[in-house]
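**Student:** One structure, pasted below without further comment.
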Amino acid sequence: ARRCSASERKKTRNRMASSSSAPDASHSTPGTFSPLQDATTAPDAAASSPPDAASSTPVASSSLPVACIVIGMAGSGKTTLVQRMASNLASKASPTYILNLDPAVVTLPYAPNIDIRDSLPYKNVMATYNLGPNGAILTALNLFATRFDQVLDIVEKRESEINHLVIDTPGQIEAFTWSASGEIICDAVASKYPAVVLYVIDTPMCMKPMTFVSNMLYACSVLYKTRLPMVVVFNKSDVVSDEEPRKWMTGDCKELDRLLKEQTTFAGTLAQSMVTALEEFYKELDVVGMSAATGEGTDGLFDAIASAAKKYETEYKVEKDRIRQEVEAAEKERVEVDLSKLKLDASDEPGGPSRAKETRSSASAGSSSGARKPKERRQVVLDDSLVDPGE
Numbered sequence: 104a105r106r107c108s109a110s111e112r113k114k115t116r117n118r119m120a121s122s123s124s125a126p127d128a129s130h131s132t133p134g135t136f137s138p139l140q141d142a143t144t145a146p147d148a149a150a151s152s153p154p155d156a157a158s159s160t161p162v163a164s165s166s167l168p169v170a171c172i173v174i175g176m177a178g179s180g181k182t183t184l185v186q187r188m189a190s191n192l193a194s195k196a197s198p199t200y201i202l203n204l205d206p207a208v209v210t211l212p213y214a215p216n217i218d219i220r221d222s223l224p225y226k227n228v229m230a231t232y233n234l235g236p237n238g239a240i241l242t243a244l245n246l247f248a249t250r251f252d253q254v255l256d257i258v259e260k261r262e263s264e265i266n267h268l269v270i271d272t273p274g275q276i277e278a279f280t281w282s283a284s285g286e287i288i289c290d291a292v293a294s295k296y297p298a299v300v301l302y303v304i305d306t307p308m309c310m311k312p313m314t315f316v317s318n319m320l321y322a323c324s325v326l327y328k329t330r331l332p333m334v335v336v337f338n339k340s341d342v343v344s345d346e347e348p349r350k351w352m353t354g355d356c357k358e359l360d361r362l363l364k365e366q367t368t369f370a371g372t373l374a375q376s377m378v379t380a381l382e383e384f385y386k387e388l389d390v391v392g393m394s395a396a397t398g399e400g401t402d403g404l405f406d407a408i409a410s411a412a413k414k415y416e417t418e419y420k421v422e423k424d425r426i427r428q429e430v431e432a433a434e435k436e437r438v439e440v441d442l443s444k445l446k447l448d449a450s451d452e453p454g455g456p457s458r459a460k461e462t463r464s465s466a467s468a469g470s471s472s473g474a475r476k477p478k479e480r481r482q483v484v485l486d487d488s489l490v491d492p493g494e
């Protein structure tokens with residue numbers, strides 16, 4: 104081995120430093136996949152390269168995307184409706200973003216951007232926690248809700264490029280609407296984007312008066328549970344026309360009353376009494392009839408969504424802001440009261456600051472006086488006689 108001069112060694116070090124500062128593109132470190140990752144932004148060599156000037160850029164929306172939370176009974180056609188919405192928006196070149204929150208679904212007719220099944224496999228949840236089907240769905244939703252802030256962070260990166268955020272919920276409606284996870288997800292979405300609830304109804308089933316009233320009662324409970332504008336979607340209108348149920352909602356209740364009077368049971372009597380109470384509820388709803396299978400009435404659905412989004416901005420958002428301000432003011436007042444109590448307790452307790460100061464001053468005074476003087480006996484006058492307190 105030959106010996107290098109000082110200048111050669113210096114040149115060699117410079118070459119090594121320059122080569123180490125410029126990493127080789129062919130040996131890039133692979134990215135770490137997060138369980139909550141956007142399916143449209145998976146690490147790819149093309150994604151890491153700079154965009155070509157001739158490449159097409161996504162159409163950006165001028166405002167925040169409208170969040171559509173699809174809720175309905177099992178078998179009402181929620182997933183088919185989401186697929187129809189996605190295909191209709193794609194045909195109009197309107198960017199959309201889809202979230203699937205059903206962990207138990209086997210196949211989907213659309214490609215979701217974020218899928219709960221990627222983070223929480225349904226069968227793994229059943230085996231890990233020793234749960235049944237419904238318990239596994241509820242547990243998966245609860246676990247997913249604890250990380251929903253990450254979902255919103257992912258959506259926020261794309262919010263300038265999309266016009267609609269569509270959320271597909273589980274088939275078991277009670278697992279979402281009456282659980283803490285459903286409330287957390289709805290509140291989180293509504294606090295960031297204009298949110299609308301699409302309540303999907305199976306029209307052939309609603310031809311029975313009792314089923315119709317039951318569906319309306321459930322829709323009423325969902326409305327007051329979520330506190331969001333609602334669009335009632337009578338699906339499967341290609342099988343049975345939704346004309347009759349819509350008549351029952353627009354004030355023509357005579358025929359409905361006649362049909363309910365034929366029910367002589369307690370449930371029939373209860374349904375008759377609820378019909379009148381639901382009339383005020385119908386006034387706040389946007390009603391649409393469509394077929395998710397054929398696409399008939401899809402344009403009317405998006406018109407109703409736009410109308411409900413305006414209601415959110417003018418009515419629901421104002422009310423939510425007022426409630427949030429009241430909660431924040433009450434919390435601030437509670438903290439101030441607790442702090443004042445803490446300061447008062449600290450000043451009144453025997454070992455408090457004032458007592459400690461007095462103790463230190465008395466101790467210093469005693470040490471400066473030198474020898475300790477004997478305590479003088481005091482006498483108290485009681486009934487014109489002298490009484491020694493020591494006795």
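Residue numbers (the numbering used here): 104 to 494. Virtual Cβ for every residue (Gly too), placed ideally from N, Cα, C.
Return the chain-ordered list of same chain residues with a C-beta closer than 8 Å to the C-beta of Leu495, the five sequence neighbours on each side being excluded.
**Tutor:** Missing from the structure shown is residue 495; the chain here goes from 104 to 494 and no further.
**Student:** Is there contact between the region 200-208 and the region 256-271, where contact requires at least three CB pairs shorter than 8 Å?
**Tutor:** Yes, since at least three Cβ pairs between the region 200-208 and the region 256-271 fall closer than 8 Å, the two stretches touch.
**Student:** Return the bridge partner residues of Asp271 from the DSSP annotation.
**Tutor:** Start at 1 with the first residue of the sequence shown, and residue 271 comes out as number 168. Paired residue(s): Val173 and Asn203.
**Student:** Quick one: using the 10 Å Cβ neighbour count with 16 as the cut-off for buried, is Pro154 buried or exposed?
**Tutor:** On the sequence shown, position 51 is the one that residue 154 refers to. Low per-residue confidence applies at Pro154: pLDDT is 37, beneath 50, and the placement is therefore not dependable enough to give any value.
**Student:** Under a three-way DSSP split, which group does Met352 fall into?
**Tutor:** To locate residue 352, count along the sequence shown from 1; it is residue 249. Here Met352 sits in helix by DSSP.
**Student:** Measuring straight from C-alpha to C-alpha, what distance separates Ala243 and Ser450?
**Tutor:** The count along the sequence shown starts at 1 and reaches residue 243 at position 140. The count along the sequence shown starts at 1 and reaches residue 450 at position 347. Distance between the alpha carbons of Ala243 and Ser450: 50 Å.
**Student:** Have a look at Glu429, Arg330 and Thr379 and flag the residue whose alpha-carbon is nearest the alpha-carbon of Lys420.
**Tutor:** What you label residue 420 is simply residue 317 of the sequence shown in a count that begins at 1. The shortest C-alpha separation from Lys420 is found at Arg330.
**Student:** Compare the Cα-Cα distances from Ala189 to each of Asn216, Glu262 and Pro224 and report the closest residue.
**Tutor:** By one-based count along the sequence shown, residue 189 stands at place 86. Comparing Cα positions, the closest option is Asn216.
**Student:** From the DSSP secondary-structure annotation, give me the bridge partner or partners of Leu244.
**Tutor:** Walking along the sequence shown from the start, residue 244 turns up at place 141. BP columns for Leu244 are empty, so no partner.
**Student:** Please give me, in chain order, every unbroken run of the alpha helix (DSSP H) with length at least 4 that falls completely inside the region 316-375.
**Tutor:** Runs of the alpha helix (DSSP H) inside the region 316-375: 346-352 and 357-364.
**Student:** Whole-angstrom Cβ separation of Leu211 and Thr182, contact assumed at under 8 Å?
**Tutor:** Here residue 211 refers to the residue found at position 108 of the sequence shown. Here residue 182 refers to the residue found at position 79 of the sequence shown. The Cβ separation is near 7 Å, so the contact holds.
**Student:** Under three-state DSSP, which class holds Tyr302?
**Tutor:** The residue labelled residue 302 in the question sits at position 199 within the sequence shown. Three-state DSSP puts Tyr302 in a strand.
**Student:** Out of Glu418, Ala370, Ala278 and Pro168, which one is the CA nearest neighbour of Asn245?
**Tutor:** Indexing the sequence shown from 1 puts residue 245 at position 142. Comparing Cα positions, the closest option is Ala278.
**Student:** Any contact of the region 418-433 with the region 216-232, i.e. 3+ C-beta pairs under 8 Å?
**Tutor:** With a cut-off of 8 Å, the region 216-232 and the region 418-433 do not count as touching, because too few Cβ pairs lie within range.
**Student:** Relative to the C-alpha of Leu192, which candidate in Asp441, Ala433, Lys444 and Gly398 has its C-alpha closest?
**Tutor:** Here residue 192 is taken as the residue at index 89 of the sequence shown, counted from 1. Considering only alpha carbons, the answer is Gly398.
**Student:** Using the three-state DSSP reduction, which class does Pro146 fall into: helix, strand or coil?
**Tutor:** Here residue 146 corresponds to residue number 43 of the sequence shown, with the count starting at 1. For Pro146, the predicted model reports a pLDDT of 37, less than 50, meaning its position is unreliable; a value from the coordinates is still stated below. Here Pro146 sits in coil by DSSP.
**Student:** Assuming contact is defined by CB atoms lying nearer than 9 Å, are Pro332 and Lys386 in contact in what I supplied?
**Tutor:** Taking the sequence shown and counting its residues from 1, the one referred to as residue 332 is at position 229. Taking the sequence shown and counting its residues from 1, the one referred to as residue 386 is at position 283. Contact: no.
**Student:** Go to Gly403, then tell me how far its alpha helix (DSSP H) extends in each direction, as first and last residue.
**Tutor:** For the purposes of this step, residue 403 is identified with residue 300 of the sequence shown, where counting begins at 1. Taken as a continuous stretch (DSSP letters only), the alpha helix (DSSP H) holding Gly403 covers Thr401 to Lys414.
**Student:** Measure the alpha-carbon distance for Asn227 versus Ser284 and round it to whole angstroms.
**Tutor:** To locate residue 227, count along the sequence shown from 1; it is residue 124. To locate residue 284, count along the sequence shown from 1; it is residue 181. Rounded to the nearest angstrom, the two C-alpha atoms are 19 Å apart.
**Student:** Express the C-alpha separation of Glu262 and Tyr296 in angstroms, rounding to a whole number.
**Tutor:** One-based indexing of the sequence shown puts residue 296 at position 193. One-based indexing of the sequence shown puts residue 262 at position 159. Each residue's alpha carbon lies about 10 Å from the other.
**Student:** Is Val421 helix, strand or coil when you go by DSSP?
**Tutor:** Along the sequence shown, read from residue 1 onward, the residue named residue 421 stands at position 318. Val421: helix per DSSP, three-state reduction.
**Student:** Alpha carbon to alpha carbon, how far is Asp341 from Val292?
**Tutor:** To locate residue 341, count along the sequence shown from 1; it is residue 238. To locate residue 292, count along the sequence shown from 1; it is residue 189. Distance between the alpha carbons of Asp341 and Val292: 32 Å.
**Student:** Throw me the rounded Cβ distance for the Leu363 and Gly371 pair, which I believe falls under 8 Å.
**Tutor:** By 1-based counting over the sequence shown, the position of residue 363 is 260. By 1-based counting over the sequence shown, the position of residue 371 is 268. The Cβ separation is near 6 Å, so the contact holds.
**Student:** In three-state DSSP terms, what is Val391?
**Tutor:** Against the sequence shown, residue 391 aligns to sequence position 288. The answer is strand: DSSP assigns Val391 an E or B state.
**Student:** Anyone know if the C-beta pair for Ala407 and Asn338 falls short of 9 Å?
**Tutor:** Counting from 1 along the sequence shown, the entry for residue 407 is found at position 304. Counting from 1 along the sequence shown, the entry for residue 338 is found at position 235. Cβ distance not < 9 Å, so Ala407 and Asn338 don't count as in contact.
**Student:** How many angstroms separate the CA atom of Leu234 from the CA atom of Pro206?
**Tutor:** Here residue 234 corresponds to residue number 131 of the sequence shown, with the count starting at 1. Here residue 206 corresponds to residue number 103 of the sequence shown, with the count starting at 1. One C-alpha to the other measures close to 14 Å.
**Student:** Could you have a look at Ile265 and say whether DSSP puts it in helix, strand or coil?
**Tutor:** What you label residue 265 is simply residue 162 of the sequence shown in a count that begins at 1. Ile265 falls in the coil class under three-state DSSP.
**Student:** DSSP beta-bridge partners for Asp256?
**Tutor:** In the sequence shown, residue 256 corresponds to position 153, counting from 1. None; Asp256 has no bridge partner.
**Student:** Counting C-beta neighbours from all protein chains within 10 Å, is the total for Arg361 16 or more, i.e. buried, or is it exposed?
**Tutor:** Taking the first residue of the sequence shown as 1, we reach residue 361 at position 258. The residue is exposed, with fewer than 16 neighbouring Cβ atoms inside 10 Å.
**Student:** Evaluate Trp351 with the Cβ neighbour count: other Cβ atoms within 10 Å of its Cβ, from every protein chain shown; 16 or more gives buried, anything less gives exposed.
**Tutor:** In the sequence shown, the residue the question calls residue 351 occupies position 248. Trp351 should be labelled buried.
**Student:** From this set, Thr367, Val335, Glu365 and Glu436, which residue's C-alpha is nearest Leu388's C-alpha?
**Tutor:** Indexing the sequence shown from 1 puts residue 388 at position 285. For Leu388, the nearest C-alpha among the options comes from Val335.
**Student:** Hey, out of Lys195, Ser197, Met229 and Ile240, whose CA is closest to Val208's CA?
**Tutor:** Within the sequence shown, residue 208 is the residue found at index 105, counting from 1. With distances taken between Cα atoms, Val208 lies closest to Ile240.
**Student:** Asp252: buried (16+ other C-beta within 10 angstroms of its C-beta) or exposed?
**Tutor:** As a first step, residue 252 must be located in the sequence shown, where it is residue number 149. Exposed, by the Cβ-count rule.
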